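Here the structure is laid out as structure tokens; the discussion comes afterwards.
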Amino acid sequence: MVPPAGSLGPLPPVERVRPGLWSIPVPLPNNSLRYVFVYVFETDRGPYLVDAGWNTDDAFAALSAGMRQLGSDVAEVQGVMVTHIHPDHYGLAGRVRDVSGAWIALHPADAALIHDRYEEPADLLERVGAMLRRMGAPPEELATLQNASMPVLPLVESVRPDVLVEDGDKPEVPGFDLAAIWTPGHSPGHLCFWEAGFDLMLSGDHVLPRITPNIPFHPQAGADPLGDYLRSLDKLEAYDADEVLPAHEHRFVGLSERLAQLRAHHEARFAEVVAAIRDGSTSAWDIASRMGWSRPWNRIEGFMRRAAVGEALAHLRALEHRGLVREVQGEPSRWELLEAGS
Ligand SMILES: [Zn+2]
Ligand SMILES: [Zn+2]
136 MVPPAGSLGP LPPVERVRPG LWSIPVPLPN NSLRYVFVYV FETDRGPYLV
186 DAGWNTDDAF AALSAGMRQL GSDVAEVQGV MVTHIHPDHY GLAGRVRDVS
236 GAWIALHPAD AALIHDRYEE PADLLERVGA MLRRMGAPPE ELATLQNASM
286 PVLPLVESVR PDVLVEDGDK PEVPGFDLAA IWTPGHSPGH LCFWEAGFDL
336 MLSGDHVLPR ITPNIPFHPQ AGADPLGDYL RSLDKLEAYD ADEVLPAHEH
386 RFVGLSERLA QLRAHHEARF AEVVAAIRDG STSAWDIASR MGWSRPWNRI
436 EGFMRRAAVG EALAHLRALE HRGLVREVQG EPSRWELLEA GS
């Protein structure tokens, strides 16, 4: 259950994670996640950040105060490595660059989405509407769901990255041994960062300790975002992390166990989808409404509801790629089990 915003207690403190590496919680207004962790690498040349926060005065003030607490200043930042383009990670990066001249780094698959998502979203909104109709969204909910992400637009300063970071690239952070790991799924260009000196995994939103990140299908998500996500979980198995540094919730030990839990979660969701189809649900909307969520379906509204139907559709697409279901075109389209899945 998500408590209402405002009753959530104080933010965690600014903490020294390792010598020269800090975490600063940056607040998210009206959001049950409450904060995003900005990780700060202190170097001889100045500080380097992983993620930035969303573009609000409160967030900028918290980041500035946190930087001063560790004896530095936002104006000294040399580079901002953004794990992905969601507003809570990328939104404030432009403002940091404005005051510091820092470079902003992003994976090219997320950089490619900036224009349609943040600069001229009209066409993307059309495509979201078409997707929702094809899923079988009730007409009276269509406009609300179609526009559900519009309120976050002011929380993003839409800026182009100065550096494109691909899988295996080593961003220039003097004194640290940092490598990018491309982990598509939660967003097509999501990056984790491995710090080989301390064996730390900076996991962004890809792996969080308690909640499962939303893996939605939508017009910018690629053909099979959940399949991508599961492969991206496998990719992290190669790393024996001393500790995991996620963008939300709290740091934790036990990367491999958490990867197994996340895989098991999605396997259980696949079973729910197959059961819903077997029980007679055919539209993606109807299938979504029969899946288990953190609160009753009729209390999931607005952006949460769009995230939920996007998540249901991601499971359907992944099952389609596994050859277990197929989509019969129509409005709404009909989902059927294939031999192997029935
Ligand atoms: Zn995210
Ligand atoms: Zn996030």
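Sequential numbering from 136 applies to the sequence shown in this note's numbering.
Heads up, the beta-carbon is just placed ideally off N, CA and C, and yes, glycines get one too.
For clarity, every value in this text was computed on a predicted model and none was experimentally measured.
Output needed for Leu241: all residues of its chain with C-beta closer than 6 Å, excluding positions within five of it in sequence on either side, in chain order. Val217 and Pro296
For Ser158, which beta-bridge partners are listed by DSSP? Glu150 and Tyr174
Output the distance between the C-alpha atoms of Pro139 and Ser322, rounded to the nearest integer angstrom. Residue confidence is low: Pro139 scores 42 on pLDDT, short of 50, so the model does not pin down where it sits. Its coordinate-derived value is still stated next. Straight-line Cα distance between these residues: approximately 26 Å.
Do you know whose CA, among Arg441, Glu446 and Val408, lies nearest Trp470's CA? Val408
Just to confirm my understanding: we take Arg413, look at its own chain, exclude 5 residues before and 5 after, and list those with CB closer than 7 Å. What are they? Leu472
Considering only DSSP beta bridges, list what Leu184 is partnered with. Val175 and Val215
Considering only DSSP beta bridges, list what Gly339 is partnered with. Pro381
Going by beta carbon distance, what residues of the same chain come within less than 7 Å of Asp334, once the five residues before and after it are set aside? Asp375, Ala376 and Asp377
Less than 7 Å between the CB of Asp186 and some heavy atom of ligand 1, yes or no? no
Do Pro222 and Val294 have their CB atoms nearer than 8 Å? no
Which residue from Arg151, Glu436 and Ile316 puts its Cα closest to that of Phe172? Arg151
Within 7 Å of ligand 1: residues by beta-carbon to any heavy atom: Proximity to ligand 1 was defined by a C-beta distance below 7 Å to any of its heavy atoms, and the residues meeting it, in sequence along the chain, are His219, His221, Asp223, His224, His321, Ser322, Asp340 and Pro348.
What are the boundary residues of the alpha helix (DSSP H) that Ile350 is part of? Taken as a continuous stretch (DSSP letters only), Ile350 belongs to no alpha helix (DSSP H), as it is neither H nor E.
Can you tell me whether Val308 is buried or exposed? The criterion is at least 16 other CB atoms within 10 Å of its CB, across all chains shown. With a 10 Å radius around the Cβ and a threshold of 16 neighbouring Cβ atoms, Val308 comes out buried.
Kindly indicate the opening and closing residues of the beta strand (DSSP E) around Ile316. Leu313 to Trp317
Say whether the region 241 to 256 touches the region 296 to 305, bearing in mind that this needs 3 or more beta-carbon pairs closer than 8 Å, one atom from each stretch. With the cut-off at 8 Å, the region 241 to 256 and the region 296 to 305 touch.
For Ala283, which residues from the same chain have a beta carbon less than 7 Å from its beta carbon, with the 5 sequence-adjacent residues on both sides left out? Gly437, Phe438 and Arg441
Tell me, please, which residues DSSP counts as bridged to Arg469. Beta-bridge pairing links Arg469 to Val463.
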